[in-house]
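Read the structure below first, then the notes.
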Amino acid sequence: MKKRKEERRGPTLFDFVEDKKRERAEARDFSEEFLLFVKSRGSVTKTEALQWAKSRGVTTAEFIRAVEKLVSEKKIRKRLNDEGELIYEAYG
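To convert, count from 1 in the sequence shown and add 1043; that's this note's numbering.
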């Protein structure tokens, strides 16, 4: 009796989905670093904060997650300044 040759399968959609999950798991939490930045400056405009984050290789999604985490933990607050710009301020 002859043995069948094992068929070698190519990549499937599931292989790509699992790669994406691994990448997401490696997404870093830089919220404490951002909190130190805000505390050192007193208050930071959204534009300045985004420029600072991008200079450190942080994606917009990671930035938004960090801001929302800090706001929910009541470590920073968002408000509008006199010129109508969104700013971030540290509590305390």
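Cβ atoms here follow ideal geometry from the backbone N, Cα and C, with glycine treated the same way.
Asked: Glu1105 and Ala1092 closer than 9 Å at C-beta; Found: no
Asked: Three-way DSSP call (helix, strand, coil) for Val1087 in this model; Found: strand
Asked: Residue range of the beta strand (DSSP E) that includes Lys1121; Found: 1119-1123
Asked: Three-way DSSP call (helix, strand, coil) for Glu1075 in this model; Found: helix
Asked: Glu1111, enclosing alpha helix (DSSP H) - first and last residue; Found: 1103-1115
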